[in-house]
């Protein structure tokens, strides 16, 4: 079977299964794709709505290019007492989002590093779920495509998520690349950490770095004292997972045709 046909079957299979879905910018509602994951046990949630991440709700945080220090963490607008802090670089509450400022027009240029921090987690913390809706710039959202990492008790463990998924994508136009126009997306990620094997967590931080000109539209942090793997039946797999899943289904389709 030709490479072209195999690739086409991969995408056809993924589309047929409804795994890779996008919507148009005209349909975009900031924060609408952020969900309640329904954690078991004693749970707590912090939500940063779109309005809570804009200049209108955060006077004194500076403007473009975003190098000014933040006077304080941006507290969640709903729920607990977690805060969004700027650790380094250029980021500020803009007119419609947290904007990673800068003057570069090159792909994958570091804009800044932020962290969601909670110094009063639930007792017996075992389960952390973090959601972020972030818009790409020149094909990147996170710097080096590196997903958020978790550290605890003031350390720098930088734990990768136990589970990470893209749950929603919104088409947001195109950018020029050496090989022609490429699509831009606003992505919603959900990440989960299993901390059930770590005793005595009395504070934690989830850090991430955005590229210049990327934008954060909404955030949500959930935590509980019971770990249960998140089941995302409607989630959009990350690109590598999608390719593997789609190609696996395509291969099965070809095998069944040969048997027929």
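Residue numbers (mature numbering (1 follows the signal peptide of the UniProt record, and there is no 0)): -26 to -1, 1 to 234.
Where a beta carbon is used, it is the ideal one built from N, C-alpha and C, also for glycine.
Quick one: give me the first and last residue of the beta strand (DSSP E) that residue 158 is part of. Along the chain shown, one-based indexing puts residue 158 at 184. Per DSSP, residue 158 belongs to the beta strand (DSSP E) from 154 to 168.
Pop quiz: residue 191 and residue 5 are said to be a contact at Cβ under 8 Å. What is the actual Cβ separation, rounded to whole angstroms? One-based indexing of the chain shown puts residue 191 at position 217. One-based indexing of the chain shown puts residue 5 at position 31. Right, their Cβ atoms sit about 6 Å apart.
Could you tell me the boundaries of the beta strand (DSSP E) in which residue 22 lies? Position 48 of the chain shown holds residue 22. Segment 17 to 22, the beta strand (DSSP E) holding residue 22.
Note down the Cα distance separating residue 116 from residue 184, rounded to an integer number of angstroms. Working through the chain shown from its first residue, we reach residue 116 at position 142. Working through the chain shown from its first residue, we reach residue 184 at position 210. In this structure, the alpha-carbon of residue 116 lies about 4 Å from that of residue 184.
Given this structure, state the Cα-to-Cα distance separating residue 148 from residue 68, to the nearest angstrom. To locate residue 148, count along the chain shown from 1; it is residue 174. To locate residue 68, count along the chain shown from 1; it is residue 94. Spanning the alpha carbons of residue 148 and residue 68 requires a straight line of approximately 22 Å.
With DSSP run on the structure shown, which of helix, strand or coil describes residue 26? For the purposes of this step, residue 26 is taken as the residue at position 52 of the chain shown. Helix, per DSSP.
Taking the beta strand (DSSP E) that residue 87 belongs to, which residues open and close that run? Within the chain shown, numbered from 1, the residue matching residue 87 stands at position 113. Here the beta strand (DSSP E) through residue 87 covers 84 to 92.
Could you pull out every residue in the same chain whose Cβ sits closer than 8 Å to the Cβ of residue 56, ignoring the five residues on either side in sequence? Position 82 of the chain shown, counting from 1, holds the residue named residue 56. Taken in chain order, the residues that qualify are 20, 49, 50, 90, 91, 92, 195.
For residue 160 versus residue 140, is the C-beta spacing smaller than 7 Å? Counting from 1 along the chain shown, the entry for residue 160 is found at position 186. Counting from 1 along the chain shown, the entry for residue 140 is found at position 166. Going by C-beta atoms, residue 160 is not nearer than 7 Å to residue 140.
With a threshold of 8 Å, are at least 3 pairs of Cβ atoms found where one atom belongs to the segment 170 to 178 and the other to the segment 58 to 76? Counting Cβ pairs under 8 Å, fewer than three are found: no touch.
Simplified DSSP assignment, three categories, for residue 1: Indexing the chain shown from 1 puts residue 1 at position 27. Of the three classes helix, strand and coil, the one that applies to residue 1 here is helix, per DSSP.
Just tell me which of 204, 162, 133, 129 has its CA closest to the CA of residue 3. Start at 1 with the first residue of the chain shown, and residue 3 comes out as number 29. The candidate whose alpha carbon is nearest that of residue 3 is 162.
Of the residues 181, 118, 83, which one's Cα is nearest the Cα of residue 131? Locating residue 131 in the chain shown gives position 157, counting from the first residue. Comparing alpha-carbon positions, the option among 181, 118, 83 lying closest to residue 131 turns out to be 181.
Nearest-angstrom Cα distance between residue 138 and residue 193? Here residue 138 refers to the residue found at position 164 of the chain shown. Here residue 193 refers to the residue found at position 219 of the chain shown. Separation of residue 138 and residue 193 (C-alpha to C-alpha, rounded to the nearest whole angstrom) is 15 Å.
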